[in-house]
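These protein sequence lines are chains A and B, in that order.
For the first sequence, our numbering assigns the number 1097 to the last residue and increments by one with no breaks.
For the second sequence, our numbering assigns the number 178 to the last residue and increments by one with no breaks.
What follows is a single structure, written as C-alpha cells, with notes after it.
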Amino acid sequence: MIRPSEGRTLAYLGLLALANGLGFAFGRGSSDALFFKRFGVEYLPHMFFFTSIFLVVFSTAYVEFTDRVRPARMLMSIFLVLAVFLLLSWIFMAHGSGTLAFAAYFLGVSVAAEIVGVHFSLYASQFFDFNQTKRLTPLIEAVARLGRVLGGLLLVLLAKNWPTEVAALIWMGVLICLMGIVALRHRGEPHRPKLPSVRRRTPFADVREGLRFARHSPLLQLTGVGVFLVIILVSILDYVASTIITNHYQSAQDLAAFFGWFYAITNAAVLLSQLALANHLVHRFGMKVVNLIFPCTTAASFALLSLSASFIPALIGRFNYMGLMPAFRTPVFNLFYSALPRYIQGRARAMSVGLILPLGMACAGLLLLWVPKSMVGQPLAIAGLVLSCLYIYIKYRKHQVYSKTLLALIQHQVFSDKSPIQGIGRFSAEVAQRVVSLVRQAETFESARTYADLLIEHATESAAELLRQDLHTLPAPLVEYLMLQLAPSALEPWRETLHNALQHKDRTVRILATQLIEARGEPASLLPLLNTWLSASDHALQAQASRILLQHPDLQATASAEACLSDLLQGAAGAQIHALKVLEDLADTRRLPQASALRDAPNPAVRAAAIRSCVVMSADAAQRRELIQQAAHATDAVVRVAAAQMLSHLAEAEIRLALLQDLLRDPTFSVRRAAQLAIDACMPRTAQDFARALKTCADQFALQTQLCAHLAESVLEEKDSLLIGVAQAHLSAAYDKKALALQSQSLPSAEMQFVHLLLKEDVQQHVDMILEILCLRDRSPVMQSLQAALKSENRRLRAQALESLHNAAVDKWMLDLCAFLESELDHAPLLHYSPGLPRSDTQTLQWCVRHGSAWLRQCAERLLQTHNRPPEVQGR
Amino acid sequence: MEAIFERILLLKRVPFFEILRTEQLSHVAVLLEQVGWVAGEIAFVKGDMGDNMYIITSGRIGISLNEDWSTKDFVAEFGAGECFGEMGVLDDLARSATAHVLENTEAFTLSRDKLHGLLLTYPELGVGMLRAMSRRLRQANSALLARTTILQKPYK
C-alpha cells in the first residue's frame, strides 16, 4: 500500500495527524465538560445557533485567504490563531470571574474543528496525486483517529491530577510543536505562491449553482433533506444525552475524565470499524443496507431514551452520534456523490456544507430554545423517535433514487439510444446527388455497395433512379444488390426497371429480374421470353424457365418445360445442379425419384444438390434424418455444407443440435460458416428441448449464446428459470476456473502458463455469457449500458456499474456474481474454495479436459498427449 | 509443448495481436512463416516495397531512418516479442526505414494478403493494431521531445 518514495511524506503527515487528533480530543473533551458544568448544559441550543453563525463567518474568511497564502503558511497561521485563542481562553477561564470564557472556549473548539479539518485535508493533498490521495488518505485518517484515542486517555490522566482548564494550555503546547514541525518541513520556501492566483469562483456561487442543480435532481433534494434532518436529530440527541450525563457527574473534572474515557473508547471503536467492518459490510450487503445502519441506530437510541431518560441510554445515544455516525454514515454519504456528474459534485458538497449544515444547526438551536426545559428528556426523545422514522424513510427513498440516478449516469456515459437519430438523416437532393456520383466512380464493389447502402437508407428514390438510369452501365453484382434491396419498396417505375433488366447482358441479373416479376404475380408477361430460354444454351436460363413454366397453367408450356428439365437432369454436372435446384424449389414429392437417382453421382456438388432436393421433397422424417446424417459425415466438404443447410428440416431437436455441434467444429471453413448460418433454424421449440440443448452445449459459448437468445425471445413460461440456471452454472464454472487459473499462474512450466491463459479466457467468456443472459432477461437498455460499463476501461465507471448491479441484486447468486466481477475487474481478493480442484499439472490438464470449453478441452487433450509422452532418448 | 501453442503464446505477447483470443490466434499461428538473418545483414532497406511484417522470436533489430542504408544510427531497437515492418503492410507504401540485424535473429513473417484476410475475419484485430500504433507514436513523440529538449538546453 505504501511505496518506498512515499514513506517520509507519509510519516510527516501521520505525525501531524496524530498530534492534531490528540489536541482535538483534549479540546473537545475539556470544552464539553467545562461548558456543561460551569456555563450550563441548558445553553447548548444557544451554542448550536451561534456555532452556525460563526461557521459561516469563519468559513467565508478562510475561503477568502486560502487562495492567497501557501497551504503550509495558512496551516501555521490557523495553528497560531488557535494557539492565541487557547491562551486567552485559559487566562480567562482560570483567572477570570465570569463564565462567558467557557462558552467562548466551547464555540471556538467547535468552529476550529471544522476549519482545521478542511484545511488539513487540503494541505495533505498537495503532497500527493489523485491516486495517492485515494490510497493514502484513509491511512492518515486512521492515524488521526489513533491520536484522538491517545488524547482521550491523556485527558483522563489530566482530569485526575490538574484542573480541566489546563487542557487548553496543553493543546496550545501541542499546536506550537505542530507549528515548529511544519515550519521545519517548509523552511526556505517562498512565502507567496510562485504563480499569480487565478480568481476563483466565490463559495456563494458554488452554493447557488448547487441549489440550481438540486431543482432538477431528486437525489440532491433528498440528500439536502437528509442532511438537514440528521443535524436536527444529532442536535436533539446531543442536547438530551449531554443534559443527562452532565447531571450524572458532580464536578467538571469527573465529567472531563468521563469524556476522556468516552472519546478514547469511541474513537478506538470507529478506528476498528473503519479498518475492518465498514468496507466489508458495504461489499457484502451493499450500500442499500449500510445506508440504513445509522438511521436505525438513531431511532433505537431515541426509543431507549423514550423508555428511560437515564445514564445508560444517554451514553448509548452519545456513542451513536459520536461513534456510529463517523463509522457508518460518513463513508456511505460520500459514496452517494458518485451518482452525480463530476462537474456538479463539488457544488453539491458546497451546498451541503455551506448552506444546509449552518441552516440545520441554526434551526436546531432555535427549535431547542423553544422547547421548555421540563421537556428535555423523554418527551424530546419521543419527538426525536418520530423524526428518526422520517429519517429512515428519507434514507430508504434516497437509496432508491440513488440507484436510478447512478443507472442514468452510467447510461449517459456509455450508451446512446439510436432511435431518436433514425428520424433524422434524410439526404438533401444535393447530398444524394453527390453520393450517386460516388457510386458511379467507386473503384471496388465494396465501396460502391457502401455508398449504395447510404443511398438506400437515406435517399431511396435516388437509389431507385440510379438503378433505372445506369442499369446497363453499373457492374452486374451492384445491379443485383440494388434490385434485391429495392424490391420491397418497389418505387415507380419499378415494373419498367425490371423489364429493362430482362435485357441485361448478365444472365444472373436477367434471372433475378424474372424471379422478381414472378414474385409480383406477373409471370404471364414473361411467357414469350421464357419459351426462348428453354431452348437456350445456358443451363441456368433453361432451369429458371423450366421452374416458372412448370407452375404455369398452360399445358403446352408445362410439357416443354418438363422435357427441358429431363434433358438437364441427364446432362453434364452443371446442368444437373441447375435441374436439382429446380426440383428443390418445386418441392414436389412425386419428383423424388428424379432427385434420388443422382444421390450417388460422381460429382460431389451434384450429390450435395441431390441431397438438398431429396430432403426438401421427402415426406418421411426418418428418411430425412438418414439423408442429413449421412451427408454430415460425408468426406466431401460440399456435401457437409448441404447437410448444414438442411439441418432445419430435422424434426428431432437433439439430433439437430448434435449434428450442428459437429458441423460447427468441422475443419473446413465453408462447412463451419454454413453451420453458423443454420444456427437460427436449428433452435429447439419446447422447454425440455431447450434444457437438454443448453446442457449438451455447455462447452460451446457461441451456441449457448444463440440458444439463450432464442429462449429469451420465446413465449415459454420456464424461460426465466432456465436462463437463471444457465447463468448460475456459468458463474460456478467461472469461480472454479478462476481459482484454477490463479493456481496455475504460480506453476513455472510453459504448458501451465498456456493453460493459465486459456483458463483466463474461459473465465472471461463465462462472465460475458452471464452478462449477456442478464441483458436477455432484462431487455431494457439499462442492463445493456451496465454491461458496457462493466467492460469499460474506466475504473470509476466500472465501480459505478458494479454498485448498480449490487443494488439490483436480489438473489444470493447475484451477490456472488458481484463479488466475482469485483475480483475479475478490479483484482479484489477472491474467496473461493472447491475441494475438487486439482493440484498437479497432469490433474489440471485432466480437469480441463473434463470441464473446459471446447477449445480449452482440445488444447488440454493435446497438451496431455505431449505431457504423458516419455522423454525422447538422445542418441550419441 | 507443441509448436503451435508456442506460437500462440508468442502472438499473445505481441501488442498487435494481444487483443485476439488464443482460439483466434491459432488461426493466425498457422499463417506465419519462419525467417532468419545473421548479425550484420539487413532485413529490408528504406524505399523498398514491403509485403511482409515480422514478429521477432529471438535476436535484435535496429531501425534506421537514414537515407544512407549503411549508416547505423538507430531510432528504435526491437527484440523478441516485438514486430517491425508493419507500416508498409498497412499503407501499401515503400519502407520508411532500414532494418539492420544487430544479433542473429529469427522471426515469423506475415504477408500483406494474409494480414488483410485476418483483418476481414477478425475486425477487432484492427483495434489492436491501432492501439499498438498509437503506443509507437507516443514513444516516437517522447523520443522527439527528449531530443528537442537536449538541443534547446543552453550551453554552460
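A virtual CB, placed ideally from N, CA and C, is assigned to each residue, including glycine.
Residue i (DSSP reduced to helix, strand or coil)
i	result
Ala914 of chain A	helix
Gly58 of chain B	strand
Thr79 of chain B	strand
Ile41 of chain B	coil
Asn74 of chain B	strand
Lys34 of chain B	helix
Gln1095 of chain A	No answer about Gln1095 of chain A holds up, because its pLDDT of 45 lies below 50 and its placement is not dependable.
Ala863 of chain A	helix
Lys415 of chain A	With a pLDDT of only 49 at Lys415 of chain A, under 50, the local geometry of the prediction cannot be trusted, and no value is derived from it.
Asp90 of chain B	coil
Pro292 of chain A	helix
Ala168 of chain B	helix
Asp674 of chain A	helix
Glu847 of chain A	helix
Asp638 of chain A	Bear in mind that the predicted position of Asp638 of chain A carries a pLDDT of just 48, short of 50, making it unreliable; the figure below should be weighed with that in mind. Three-state DSSP puts Asp638 of chain A in coil, outside helix and strand.
Asp821 of chain A	coil
Ala842 of chain A	helix
Ser781 of chain A	helix
Asp775 of chain A	coil
Trp754 of chain A	helix
Lys726 of chain A	coil
Cβ-based burial, residue i [other Cβ within 10 Å; buried from 16]
i	result
Arg1017 of chain A	exposed
Thr385 of chain A	buried
Arg768 of chain A	buried
Lys381 of chain A	exposed
Ala965 of chain A	In the sequence as presented, Ala is not what sits at residue 965 of chain A; that position holds Ser. Ser965 of chain A is buried by the Cβ-count criterion.
Ala840 of chain A	exposed
Leu528 of chain A	exposed
Gln161 of chain B	exposed
Asn241 of chain A	buried
Ile397 of chain A	exposed
Gly1098 of chain A	In the structure displayed, chain A extends from 222 to 1097; residue 1098 of chain A sits before or after that span and is not available.
Trp754 of chain A	buried
His951 of chain A	buried
Ala793 of chain A	exposed
Val510 of chain A	exposed
Gln927 of chain A	buried
Range of the contiguous beta strand (DSSP E) that encloses residue i
i	result
His122 of chain B	Thr120 to Val123
Phe130 of chain B	Thr127 to Ser133
Ala808 of chain A	Unbroken run through Ala808 of chain A: none, as it is neither H nor E.
Phe66 of chain B	Ile64 to Phe66
Residues sharing a beta bridge with residue i, DSSP
i	result
Cys105 of chain B	B:Ile77
Gly84 of chain B	B:Glu99 and B:His122
Phe348 of chain A	Answer is none; Phe348 of chain A lacks a bridge partner.
Element boundaries [alpha helix (DSSP H), containing residue i]
i	result
Ala1029 of chain A	Arg1016 to Ala1029
Ile187 of chain A	The structure shown has nothing for residue 187 of chain A, since chain A only spans 222 to 1097.
Ala116 of chain B	First-last for Ala116 of chain B: undefined, no H or E at that position.
Ile577 of chain A	Element bounds for Ile577 of chain A: n/a, residue is neither H nor E.
Ala439 of chain A	Correcting the residue type first, residue 439 of chain A is Pro in the shown sequence and not Ala. Pro439 to His469 is the span of the alpha helix (DSSP H), which, as asked, contains Pro439 of chain A.
Lys940 of chain A	Lys940 to Gln966
Ala521 of chain A	Ile514 to Leu528
Pro714 of chain A	Here Pro714 of chain A belongs to no alpha helix (DSSP H), and DSSP marks it neither H nor E.
Thr907 of chain A	Element bounds for Thr907 of chain A: n/a, residue is neither H nor E.
His977 of chain A	Ala971 to Arg998
Ser280 of chain A	Leu265 to Thr287
Any non-hydrogen atom of the ligand GTP within 7 angstroms of residue i CB
i	result
Arg369 of chain A	Only the bare structure without any ligand can be found here, which leaves the ligand GTP out of the picture.
For the structure I just gave you, are there three or more beta carbon pairs, one from the segment 536 to 555 of chain A and one from the segment 649 to 666 of chain A, closer than 8 angstroms? No, the segment 536 to 555 of chain A is not in contact with the segment 649 to 666 of chain A.
Would you call the segment 991 to 998 of chain A in contact with the segment 601 to 615 of chain A, where contact means no fewer than 3 C-beta pairs closer than 8 angstroms? The segment 991 to 998 of chain A vs the segment 601 to 615 of chain A: no contact.
Three-pair Cβ contact test at 8 angstroms for the segment 294 to 308 of chain A versus the segment 491 to 507 of chain A: Taking 8 angstroms as the limit for Cβ pairs, the verdict is that the segment 491 to 507 of chain A does not touch the segment 294 to 308 of chain A.
Should the segment 65 to 73 of chain B be regarded as contacting the segment 114 to 126 of chain B, the criterion being three or more beta carbon pairs within less than 8 angstroms? Because the criterion of three Cβ pairs below 8 angstroms is met, the segment 65 to 73 of chain B and the segment 114 to 126 of chain B touch.
Taking 8 angstroms as the threshold, find out whether the segment 480 to 494 of chain A comes into contact with the segment 363 to 376 of chain A through three or more Cβ pairs. Verdict: yes, contact present.
Taking 8 angstroms as the threshold, find out whether the segment 95 to 113 of chain B comes into contact with the segment 40 to 59 of chain B through three or more Cβ pairs. No, the segment 95 to 113 of chain B is not in contact with the segment 40 to 59 of chain B.
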